[in-house]
Each structure stands twice: as C-alpha cells, then as structure tokens.
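The structure appears right after this line, and notes come after that.
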Amino acid sequence: MLTNKNILITGGTGSFGKQYTRTLLERYDPKRIVIFSRDELKQFEMAQEFTSPVMRYFIGDVRDYDRVTEAMEGIDYVIHAAAMKQVPAAEYNPMECIKTNIYGAENVIKAAIKNNVSKIIALSTDKAANPINLYGATKLASDKLFVAANNMVGKNPSRFSVVRYGNVVGSRGSVVPFFKKLISEGIEKLPVTHAEMTRFWITLQQGVDFVLKNFERMKGGEIFVPKIPSMRVVDLAESLAPGMDIEIIGIRPGEKLHEIMCPADDSHLTLEFEDHFVIRPSIKFHNRDYDFSVNGLGEQGKTVIQGFEYNSGKNSHFLNVEELIAFDRFAEL
Numbered sequence: 093m094l095t096n097k098n099i100l101i102t103g104g105t106g107s108f109g110k111q112y113t114r115t116l117l118e119r120y121d122p123k124r125i126v127i128f129s130r131d132e133l134k135q136f137e138m139a140q141e142f143t144s145p146v147m148r149y150f151i152g153d154v155r156d157y158d159r160v161t162e163a164m165e166g167i168d169y170v171i172h173a174a175a176m177k178q179v180p181a182a183e184y185n186p187m188e189c190i191k192t193n194i195y196g197a198e199n200v201i202k203a204a205i206k207n208n209v210s211k212i213i214a215l216s217t218d219k220a221a222n223p224i225n226l227y228g229a230t231k232l233a234s235d236k237l238f239v240a241a242n243n244m245v246g247k248n249p250s251r252f253s254v255v256r257y258g259n260v261v262g263s264r265g266s267v268v269p270f271f272k273k274l275i276s277e278g279i280e281k282l283p284v285t286h287a288e289m290t291r292f293w294i295t296l297q298q299g300v301d302f303v304l305k306n307f308e309r310m311k312g313g314e315i316f317v318p319k320i321p322s323m324r325v326v327d328l329a330e331s332l333a334p335g336m337d338i339e340i341i342g343i344r345p346g347e348k349l350h351e352i353m354c355p356a357d358d359s360h361l362t363l364e365f366e367d368h369f370v371i372r373p374s375i376k377f378h379n380r381d382y383d384f385s386v387n388g389l390g391e392q393g394k395t396v397i398q399g400f401e402y403n404s405g406k407n408s409h410f411l412n413v414e415e416l417i418a419f420d421r422f423a424e425l
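The numbers in my numbering rise by one with no breaks, and the one at position 56 of the sequence shown is 148.
Shown next as structure tokens:
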C-alpha cells in the first residue's frame with residue numbers, strides 16, 4: 093500500500109517517527125519520506141541514521157500553516173505525530189499546548205485538503221478520553237477536528253482518521269527510561285505516584301504496526317483503539333528493580349489513577365473487532381453513510397454493550413512482573 097508513495101510524518105524526529113520510518117524502509121519501497129519537525133539538531137542526528145535517498149528533512153512547525161502546506165505538496169499519506177505531550181508542562185504552559193495540539197491540528201487538516209492528500213491518520217492518546225488535564229483536552233479537541241475534517245472535504249479525496257493508544261514502553265519522556273536512569277544513578281527508592289495506579293502498555297513497534305494496518309482499514313472518521321494489556325506501576329517498578337523499595341509521592345497535576353481509551357459515554361458508538369475497537373463518529377457526513385462495522389480489510393465488528401468502558405484498571409489482561417520484563421526486552425529489540 094505504501095510502496096511508491098510519498099509519506100509525511102509531522103513530529104517525525106520523535107520516538108514514533110523514527111520507528112515508523114525504520115519500518116517503512118524495511119517493509120516497503122516508498123518514493124519519498126518527509127520528516128517534518130522544528131528541531132534542526134534532531135533532524136541532523138536522524139539524517140545520520142537514516143541515509144536512504146528517499147529521505148527528506150523539512151524544518152517547520154505545525155503552528156505555521158504556510159510551511160505545513162509547502163511540506164505536503166505531492167504527499168499521499170500523512171501521519172500526524174507532532175504534539176506537546178508532557179502533562180505537567182501543558183498544565184503550566186497552557187497556551188503553548190493549545191497552539192501546537194489544536195491550532196497545529198487545524199493547520200495539518202487544511203494543508204492536507206489543499207494538497208489532496210489521500211489518507212491522514214492523527215496519533216491520539218488515552219488521555220483524550222474523559223480528559224482531566226490540558227494535554228488530554230487538547231488531544232480530544234484534535235480528535236474531534238480530524239473526525240469532522242471528513243465533512244470539510246467535499247469532492248476532495250482526503251480521508252481523516254485517528255489512532256488512540258496508551259503508554260509506549262521506553263518512548264522518550266516515559267516512565268521506563270526515567271526509572272532506569274534513577275536505578276543507574278544508585279537511587280535507593282523508586283518514586284511511584286500511587287500504589288494502585290495502572291496504565292495501558294504497548295511497544296513502539298506495536299503502535300507503528302497498528303497505524304500501518306489502519307491505513308488499510310480506514311474509511312474516514314473512525315477512532316481506532318488497539319486491544320492491549322494493562323500494567324500496575326508498582327509491578328513495573330519491581331520488574332526493573334527487583335526488591336527495591338518504592339516511595340509513594342502522590343499523583344502529579346493532571347494525572348489519573350487509571351486511563352480510559354473507550355469511554356462509557358461513547359459505548360453507543362463503539363464497535364469491537366478481534367484485536368481492536370473502533371469509535372464511530374457521532375456526526376453524520378454529508379453524502380456519505382459508511383458502514384463502519386465492516387472495515388477496508390473486510391474485518392467485521394460488533395456493537396458493545398451499553399455502558400461499556402475500556403479502562404486500564406478493569407482490563408481483562410494485566411501483565412505480571414515476568415511478562416513486564418519480557419515486554420521490556422521485546423521493546424528494546
């Protein structure tokens with residue numbers, strides 16, 4: 093599907109962008125991969141690692157509509173991964189988060205439509221479901237923008253969908269490298285915010301594979317949610333530092349005890365497939381009436397029960413300490 097195509101990744105120098113690029117080069121023969129981001133040092137460093145002649149590095153910010161529009165000229169597929177993601181930073185710098193995550197999303201949508209980009213997938217987060225922090229609220233707004241964009245296209249071929257998943261093992265700024273750094277520095281106790289805290293858990297490659305598959309599944313307007321395991325943060329600490337004491341430091345600003353990916357309030361819109369869920373759009377699209385129960389690959393979904401909620405604290409699959417150790421090793425491959 094992506095062979096001989098032009099692909100653009102916003103925020104492409106991040107953990108996801110690098111792994112997505114690596115996977116594209118290994119599995120497909122793309123015509124062009126455009127890395128769009130604002131940090132020239134990260135682009136320089138990435139260019140040392142990814143030297144294929146199909147690579148292009150484009151300095152720009154999603155806040156700048158004209159620059160995004162220039163970057164999307166001739167592009168077939170877009171993965172929108174650029175975002176301000178750190179929860180505390182967003183709480184203390186709210187307008188900066190809004191400018192990147194909401195205004196930036198709007199710019200990506202408008203630029204894609206202007207350039208007749210075929211398919212666009214935006215990366216979301218479990219924090220966008222029933223958000224309690226600004227980061228989650230801006231990503232919920234972004235999700236809504238990408239769903240509604242399918243009503244803005246008219247006869248244009250562009251189609252927009254969203255992929256939402258949980259914490260990525262070992263991604264930059266996540267808890268695993270933070271814990272490992274503290275352990276390497278000889279800390280005597282690992283700081284844990286709450287003894288009962290849980291999170292959805294996914295490897296970077298699993299996230300990349302899910303996005304790739306959804307380019308084939310999507311019709312436009314869906315929010316795709318993978319079925320993934322949960323973990324308890326205290327078990328994670330034990331898996332990384334067996335026998336080490338933990339110190340409960342309290343929940344940080346804007347942090348939840350458990351995360352949600354499919355809210356109960358959306359249960360009437362939620363379809364269950366074999367390995368994922370789809371949240372259908374709540375709005376009707378002009379001149380289109382998609383049957384989202386059958387996707388682009390012919391997979392069939394069924395409606396969930398009223399009030400169904402996909403919650404990390406009530407998941408049917410929890411990783412134990414041994415599985416977390418194996419998960420971490422797999423993530424490093």
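From the three backbone atoms N, C-alpha and C, an ideal C-beta is built for every residue, glycine too.
Keep in mind it's a predicted model, so treat the numbers as computed, not measured.
Residue environment analysis places Leu389 among the exposed positions, since fewer than 16 neighbouring C-beta atoms fall within 10 angstroms of its C-beta. The beta carbons of Thr290 and Ser404 sit closer together than 7 Å.
Using a Cβ-Cβ distance cut-off of 8 Å, the region 275-293 and the region 337-355 are in contact, since at least three pairs of beta carbons, one from each stretch, lie closer than that value. Under the three-state reduction of DSSP output, Ser250 falls in the coil class, being neither helix nor strand.
Counting C-beta pairs with one atom in each stretch, the region 374-385 and the region 396-410 have fewer than three that are closer than 8 Å, which means they do not touch. The beta-carbon distance between Val160 and Asn199, rounded to whole angstroms, is 5 Å. This is short enough to meet the 8 Å contact definition. Contact fails between the region 156-173 and the region 309-328, because fewer than three Cβ pairs, one in each stretch, are under 8 Å apart. When the five nearest sequence neighbours on each side are left out, the beta carbons in the same chain lying within less than 8 Å of the beta carbon of Gln398 are those of Ser359, His360, in order along the chain. Using a Cβ distance threshold of 7 Å, Gly346 and Asn225 count as a contacting pair. DSSP places Glu280 in the coil class of the three-state scheme, outside both helix and strand. Excluding sequence positions up to five before and after Tyr195, its CB lies within less than 7 Å of the CB of Arg155, all in the same chain and listed in chain order.
One thing to note: Val255 has its Cβ no nearer than 7 Å to the Cβ of Ile205.
Residue pairing of Phe316 in beta bridges, as defined by DSSP: Val255, Val370. In the three-state DSSP reduction, Arg148 falls in the strand class (E or B). Per DSSP, Glu330 is one residue of the alpha helix (DSSP H) stretching across 325-332.
Val386 counts as exposed, since fewer than 16 other C-beta atoms from the protein chains shown sit within 10 angstroms of its C-beta.
Your pair Glu351 and Lys219 checks out as a contact, with CB atoms roughly 7 Å apart and the cut at 8 Å. The beta carbon of Gly313 lies closer than 6 Å to those of Val239, Asn242, Pro373 in the same chain, with the five residues before and after it left out. Within the same chain, Asn242, Asn243 come within 6 Å of Phe377 by CB-CB distance, once the 5 residues on both sides are set aside. In chain order, Thr230 place their CB closer than 7 Å to the CB of Ile190, counting only its own chain and leaving out the 5 sequence neighbours on each side. Bounds of the alpha helix (DSSP H) holding Arg159 are 157-163. With fewer than 16 other Cβ atoms inside 10 Å of its own Cβ, Arg119 counts as exposed. A direct Cα-to-Cα measurement between Ile375 and Phe400 gives close to 20 Å. Going by DSSP, Ser129 is part of the beta strand (DSSP E) stretching over 124-129. For Asp337, no alpha helix (DSSP H) run applies; the uninterrupted beta strand (DSSP E) run containing it begins and ends at 337-340, by DSSP. In this structure, DSSP gives Arg344 a state outside helix and strand, which the three-state scheme calls coil.
For Ile101, the uninterrupted beta strand (DSSP E) run begins and ends at 98-102, by DSSP. Listed in chain order, the non-local C-beta contacts of Ile151 below 7 Å within the same chain comprise Arg130, Glu132, Gln135, local neighbours out to five positions each way being set aside. Within the DSSP secondary-structure output, Lys394 pairs in a beta bridge with Glu364. Just measuring C-alpha positions, the residue of Phe410, Gly109, Ala221, Pro334 sitting nearest Met138 is Gly109. For Leu226, the enclosing alpha helix (DSSP H) covers residues 226-240. Taking Ala174 as reference, the option from Ala181, Asp153, Gln140 with the minimal CA-CA separation is Asp153. Ile99 and Phe128 have their C-alpha atoms roughly 11 Å apart. Relative to Phe410, the option among Asp367, Val370, Leu328, Thr143 whose CA is nearest is Leu328. For Ala174, the three-state secondary structure derived from DSSP is coil. By a beta-carbon distance limit of 8 Å, Phe369 contacts Cys354. Their separation comes to about 5 Å.
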